[in-house]
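K.L.:
Following this message is one structure expressed as C-alpha coordinates.
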Amino acid sequence: GAVILTSTNETDLIAASGSAAITTVGEKLSLGIAGSFSLNELRGTTRAYISGAVVETGGLDLSTTRSGDLFALTAGGALASKEKGIAVAGSVSLNRIENETETYLEGVRAMVKNHGSLPGDITLSSLDNSGMRVIAGSLSYGGKAGVGASVAYNQIKNTTRAVIEDSSLEHDGTLSLSAINDNDLRSAAAGLAVSKDKLGASGAVSLNFIENEVEASISDSTNRDNPDAINGALSLLAKDDSLIESLAGA
(Lines of atoms letter the chains of each structure in order from A and count residues from 1; the text may use other names and numbers.)
(Lines give C-alpha, C1' and ligand atoms only; values in the text may rest on other atoms or scores of the structure.)
Protein backbone atom coordinates (compact mmCIF):
# COMPACT_ATOMS: atom_id res chain seq x y z
CA GLY A 1 0.00 0.00 0.00
CA ALA A 2 0.88 3.68 0.17
CA VAL A 3 1.82 5.93 3.08
CA ILE A 4 -0.27 9.12 3.05
CA LEU A 5 -0.02 11.98 5.56
CA THR A 6 -2.32 14.99 5.28
CA SER A 7 -2.48 18.07 7.51
CA THR A 8 -5.04 20.88 7.09
CA ASN A 9 -5.74 24.14 8.95
CA GLU A 10 -8.83 26.19 8.02
CA THR A 11 -9.02 28.76 10.84
CA ASP A 12 -10.79 32.09 10.17
CA LEU A 13 -10.73 35.34 12.17
CA ILE A 14 -13.42 38.02 12.02
CA ALA A 15 -13.03 41.36 13.83
CA ALA A 16 -14.70 44.77 13.86
CA SER A 17 -13.77 47.99 15.66
CA GLY A 18 -15.16 51.48 15.54
CA SER A 19 -15.57 54.80 17.34
CA ALA A 20 -17.99 57.71 17.29
CA ALA A 21 -18.11 61.16 18.92
CA ILE A 22 -21.16 63.44 18.89
CA THR A 23 -21.68 66.88 20.40
CA THR A 24 -24.93 68.83 20.67
CA VAL A 25 -25.66 72.51 20.37
CA GLY A 26 -24.85 74.48 23.50
CA GLU A 27 -23.71 77.88 24.66
CA LYS A 28 -20.52 76.48 26.17
CA LEU A 29 -17.81 74.52 24.44
CA SER A 30 -18.56 70.80 24.48
CA LEU A 31 -15.94 68.30 23.47
CA GLY A 32 -16.49 64.72 22.35
CA ILE A 33 -13.54 62.38 21.78
CA ALA A 34 -13.76 58.68 20.94
CA GLY A 35 -11.18 56.14 19.84
CA SER A 36 -10.73 52.42 19.30
CA PHE A 37 -7.80 50.07 18.76
CA SER A 38 -7.90 46.54 17.39
CA LEU A 39 -5.03 44.05 17.04
CA ASN A 40 -5.92 40.97 14.99
CA GLU A 41 -3.45 38.15 14.37
CA LEU A 42 -3.99 34.88 12.56
CA ARG A 43 -1.05 32.59 13.31
CA GLY A 44 -0.54 28.86 12.96
CA THR A 45 1.88 26.05 12.24
CA THR A 46 0.70 23.22 10.00
CA ARG A 47 3.02 20.29 9.32
CA ALA A 48 3.11 16.82 7.81
CA TYR A 49 6.46 15.09 8.27
CA ILE A 50 8.41 11.90 8.89
CA SER A 51 11.57 11.99 10.98
CA GLY A 52 14.15 9.31 11.78
CA ALA A 53 12.30 6.39 10.18
CA VAL A 54 12.69 3.62 7.61
CA VAL A 55 9.83 3.49 5.12
CA GLU A 56 9.14 0.72 2.59
CA THR A 57 6.03 1.30 0.51
CA GLY A 58 4.54 1.62 -2.96
CA GLY A 59 3.83 5.34 -2.57
CA LEU A 60 4.74 8.11 -0.17
CA ASP A 61 2.58 11.24 -0.10
CA LEU A 62 2.82 14.11 2.41
CA SER A 63 0.61 17.17 1.97
CA THR A 64 -0.12 20.26 4.05
CA THR A 65 -2.71 22.95 3.36
CA ARG A 66 -3.26 26.22 5.22
CA SER A 67 -6.42 28.12 4.32
CA GLY A 68 -8.71 30.50 6.18
CA ASP A 69 -9.14 34.28 6.06
CA LEU A 70 -8.85 37.28 8.32
CA PHE A 71 -11.77 39.74 8.00
CA ALA A 72 -11.38 43.15 9.69
CA LEU A 73 -13.58 46.24 9.70
CA THR A 74 -12.44 49.50 11.29
CA ALA A 75 -14.39 52.76 11.28
CA GLY A 76 -14.40 56.20 12.87
CA GLY A 77 -17.17 58.78 12.89
CA ALA A 78 -17.61 62.31 14.26
CA LEU A 79 -20.50 64.78 14.32
CA ALA A 80 -20.45 68.38 15.60
CA SER A 81 -23.64 70.43 15.62
CA LYS A 82 -22.40 74.00 15.25
CA GLU A 83 -22.33 76.47 18.12
CA LYS A 84 -19.25 75.51 20.19
CA GLY A 85 -19.14 71.76 19.78
CA ILE A 86 -16.09 69.78 18.75
CA ALA A 87 -16.16 66.07 17.93
CA VAL A 88 -13.12 63.91 17.26
CA ALA A 89 -13.21 60.16 16.54
CA GLY A 90 -10.46 57.78 15.47
CA SER A 91 -9.97 54.08 14.92
CA VAL A 92 -6.79 52.04 14.43
CA SER A 93 -6.61 48.41 13.32
CA LEU A 94 -3.47 46.25 13.05
CA ASN A 95 -4.00 43.02 11.08
CA ARG A 96 -1.44 40.28 10.58
CA ILE A 97 -1.31 36.75 9.15
CA GLU A 98 1.81 34.71 9.94
CA ASN A 99 1.68 31.01 9.08
CA GLU A 100 4.21 28.21 8.86
CA THR A 101 3.18 25.46 6.45
CA GLU A 102 5.64 22.60 6.03
CA THR A 103 6.08 19.09 4.71
CA TYR A 104 9.42 17.38 5.20
CA LEU A 105 11.43 14.20 5.46
CA GLU A 106 14.28 14.32 7.97
CA GLY A 107 16.70 11.47 8.63
CA VAL A 108 14.54 9.06 6.61
CA ARG A 109 15.50 5.99 4.59
CA ALA A 110 12.74 5.47 2.06
CA MET A 111 12.36 2.63 -0.45
CA VAL A 112 9.34 3.39 -2.59
CA LYS A 113 8.87 0.72 -5.25
CA ASN A 114 6.38 0.11 -8.02
CA HIS A 115 3.74 -2.20 -6.62
CA GLY A 116 0.54 -3.06 -8.44
CA SER A 117 -1.24 0.19 -9.31
CA LEU A 118 1.23 2.24 -7.27
CA PRO A 119 4.03 3.72 -9.42
CA GLY A 120 6.47 4.30 -6.57
CA ASP A 121 6.13 8.11 -6.32
CA ILE A 122 7.35 10.31 -3.48
CA THR A 123 5.37 13.55 -3.19
CA LEU A 124 5.74 16.43 -0.74
CA SER A 125 3.39 19.39 -1.20
CA SER A 126 2.78 22.50 0.91
CA LEU A 127 0.14 25.09 0.05
CA ASP A 128 -0.85 28.30 1.86
CA ASN A 129 -3.82 30.10 0.33
CA SER A 130 -4.95 32.12 3.32
CA GLY A 131 -6.16 35.67 2.69
CA MET A 132 -7.04 38.99 4.28
CA ARG A 133 -10.04 41.30 3.73
CA VAL A 134 -9.91 44.72 5.37
CA ILE A 135 -12.25 47.72 5.23
CA ALA A 136 -11.30 51.04 6.83
CA GLY A 137 -13.64 54.01 6.77
CA SER A 138 -14.35 57.33 8.44
CA LEU A 139 -17.19 59.85 8.42
CA SER A 140 -17.33 63.45 9.66
CA TYR A 141 -20.22 65.90 9.51
CA GLY A 142 -18.65 69.22 10.58
CA GLY A 143 -20.35 72.40 11.68
CA LYS A 144 -17.89 74.08 14.09
CA ALA A 145 -15.56 71.04 13.76
CA GLY A 146 -15.90 67.38 13.24
CA VAL A 147 -12.92 65.14 12.62
CA GLY A 148 -13.02 61.42 11.87
CA ALA A 149 -10.15 59.15 10.92
CA SER A 150 -9.32 55.47 10.57
CA VAL A 151 -6.03 53.67 9.98
CA ALA A 152 -5.44 50.02 9.04
CA TYR A 153 -2.02 48.33 8.88
CA ASN A 154 -2.21 44.96 7.09
CA GLN A 155 0.56 42.39 6.73
CA ILE A 156 0.86 38.82 5.45
CA LYS A 157 4.11 37.08 6.34
CA ASN A 158 3.98 33.35 5.63
CA THR A 159 6.62 30.64 5.38
CA THR A 160 5.85 27.65 3.16
CA ARG A 161 8.33 24.78 2.73
CA ALA A 162 8.69 21.32 1.19
CA VAL A 163 12.05 19.92 2.28
CA ILE A 164 14.08 16.72 2.39
CA GLU A 165 17.10 16.66 4.72
CA ASP A 166 19.64 14.00 5.76
CA SER A 167 17.75 11.22 3.97
CA SER A 168 18.40 8.42 1.48
CA LEU A 169 15.75 7.65 -1.12
CA GLU A 170 15.02 4.96 -3.68
CA HIS A 171 11.95 5.46 -5.85
CA ASP A 172 10.69 3.88 -9.05
CA GLY A 173 8.40 6.80 -9.74
CA THR A 174 8.74 10.59 -9.54
CA LEU A 175 10.19 12.47 -6.58
CA SER A 176 8.21 15.71 -6.45
CA LEU A 177 8.46 18.63 -4.02
CA SER A 178 6.21 21.69 -4.28
CA ALA A 179 5.79 24.72 -2.01
CA ILE A 180 3.26 27.36 -3.01
CA ASN A 181 2.06 30.62 -1.46
CA ASP A 182 -1.19 31.82 -3.03
CA ASN A 183 -2.24 34.59 -0.66
CA ASP A 184 -4.37 37.61 -1.44
CA LEU A 185 -4.68 40.83 0.54
CA ARG A 186 -7.66 42.98 -0.39
CA SER A 187 -8.26 46.30 1.34
CA ALA A 188 -10.53 49.30 0.92
CA ALA A 189 -10.16 52.66 2.67
CA ALA A 190 -12.58 55.57 2.33
CA GLY A 191 -13.28 58.87 4.05
CA LEU A 192 -16.31 61.16 3.80
CA ALA A 193 -16.52 64.72 5.15
CA VAL A 194 -19.53 67.07 4.95
CA SER A 195 -19.08 70.63 6.18
CA LYS A 196 -21.82 73.16 6.69
CA ASP A 197 -20.35 76.39 8.03
CA LYS A 198 -17.04 75.35 9.50
CA LEU A 199 -14.63 72.44 9.64
CA GLY A 200 -15.50 68.92 8.60
CA ALA A 201 -12.54 66.60 8.07
CA SER A 202 -12.30 62.90 7.43
CA GLY A 203 -9.53 60.52 6.42
CA ALA A 204 -8.80 56.82 6.00
CA VAL A 205 -5.41 55.17 5.54
CA SER A 206 -4.62 51.56 4.65
CA LEU A 207 -1.02 50.21 4.58
CA ASN A 208 -0.61 46.78 2.97
CA PHE A 209 2.39 44.43 2.90
CA ILE A 210 3.11 40.83 1.83
CA GLU A 211 6.47 39.39 2.91
CA ASN A 212 6.49 35.65 2.25
CA GLU A 213 9.14 32.95 2.16
CA VAL A 214 8.78 29.84 0.02
CA GLU A 215 11.19 26.91 -0.33
CA ALA A 216 11.42 23.52 -2.04
CA SER A 217 14.78 21.87 -1.43
CA ILE A 218 16.79 18.68 -0.94
CA SER A 219 19.92 18.86 1.22
CA ASP A 220 22.48 16.41 2.63
CA SER A 221 20.57 13.54 1.05
CA THR A 222 21.16 10.66 -1.36
CA ASN A 223 18.75 10.12 -4.20
CA ARG A 224 20.13 6.66 -5.01
CA ASP A 225 21.37 4.61 -2.07
CA ASN A 226 21.70 1.45 -4.21
CA PRO A 227 24.13 2.08 -7.14
CA ASP A 228 22.29 -0.54 -9.22
CA ALA A 229 18.92 1.16 -8.77
CA ILE A 230 17.53 3.63 -11.28
CA ASN A 231 15.26 6.23 -9.77
CA GLY A 232 12.40 8.05 -11.47
CA ALA A 233 12.18 11.73 -12.34
CA LEU A 234 12.87 14.60 -9.97
CA SER A 235 10.74 17.76 -9.74
CA LEU A 236 11.07 20.79 -7.42
CA LEU A 237 8.73 23.77 -7.43
CA ALA A 238 8.77 26.86 -5.18
CA LYS A 239 6.21 29.49 -6.16
CA ASP A 240 4.61 32.63 -4.75
CA ASP A 241 1.42 33.81 -6.49
CA SER A 242 0.38 36.30 -3.83
CA LEU A 243 -1.24 39.63 -4.68
CA ILE A 244 -2.39 42.89 -3.11
CA GLU A 245 -5.52 44.71 -4.28
CA SER A 246 -6.09 48.06 -2.61
CA LEU A 247 -8.75 50.74 -3.09
CA ALA A 248 -8.60 54.14 -1.41
CA GLY A 249 -10.77 57.19 -1.77
CA ALA A 250 -12.04 60.26 0.02
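Residue numbers (my numbering): 82 to 331. From the three backbone atoms N, C-alpha and C, an ideal C-beta is built for every residue, glycine too.
#1: Would DSSP call V173 helix, strand or coil?
#2: Among the candidates A156, F118 and D150, whose CA atom is the shortest distance from the CA of T92?
#3: Taking the alpha-carbon positions, what's the I261 to V228 distance?
#4: Put K194 into one of helix, strand or coil per three-state DSSP.
#5: Kindly give me the distance between the Cβ atoms of D321 and N293, rounded to whole angstroms, as I take these residues to be in contact under 8 Å.
#6: Hey, L123 and L86 are a contact pair by Cβ (cut 8 Å); roughly how many whole angstroms apart?
#7: Considering only their Cβ atoms, is the gap separating N235 from S268 smaller than 8 Å?
#8: Within its chain, find whatever has a CB closer than 6 Å to the CB of G140; leave out the 5 residues flanking it on each side and keep chain order.
#9: Looking at T182 and V250, is the spacing between their C-beta atoms short of 8 Å?
#10: Which residue comes first and which comes last in the beta strand (DSSP E) that contains D140?
#11: Please state the DSSP three-state secondary structure of K320.
#12: Find out if the Cβ-Cβ distance for the pair I237, F152 is shorter than 8 Å.
#13: For D247, which residues of its own chain have a beta-carbon under 7 Å away from its beta-carbon, when the five flanking residues on both sides are left out?
#14: Whose C-beta lies closer than 6 Å to the C-beta of G254 among residues of the same chain, with five residues either side of it excluded?
#15: Can you check whether the CB of N239 is closer than 8 Å to the CB of S148?
#16: When burial is assigned at 16 or more other CB atoms within 10 Å of the CB, is S98 buried or exposed?
#17: Can you tell me where the beta strand (DSSP E) holding T241 begins and where it ends?
P.N.:
Reading it off the structure:
#1: V173: strand per DSSP, three-state reduction.
#2: The residue from A156, F118 and D150 with its alpha-carbon nearest to that of T92 is D150.
#3: Distance from the CA atom of I261 to the CA atom of V228, rounded to whole angstroms, is 44 Å.
#4: In the three-state DSSP reduction, K194 falls in the coil class, being neither helix nor strand.
#5: Taking C-beta atoms under 8 Å as the contact rule, D321 and N293 qualify, at a distance of about 5 Å.
#6: With 8 Å as the limit, L123 and L86 do not qualify as a contact, their Cβ atoms being about 24 Å apart.
#7: Their beta carbons are under 8 Å apart, which means S268 touches N235 by this criterion.
#8: The residues are A83, L199 and D202.
#9: One point to set straight first is that residue 250 is Leu, not Val, in the sequence displayed. The beta carbons of L250 and T182 sit no closer together than 8 Å.
#10: Going by the sequence as given, residue 140 is Gly instead of Asp. Note, G140: beta strand (DSSP E), G140 to R147.
#11: Here K320 sits in strand by DSSP.
#12: No, the Cβ-Cβ distance between I237 and F152 is not below 8 Å.
#13: These residues qualify, in order along the chain: E187, G188, D301 and S302.
#14: Only P200, G201, D202 and G313 meet the Cβ criterion.
#15: The Cβ-Cβ distance between S148 and N239 does not fall below 8 Å.
#16: Buried: at least 16 other Cβ atoms inside 10 Å.
#17: Note, T241: beta strand (DSSP E), T240 to E246.
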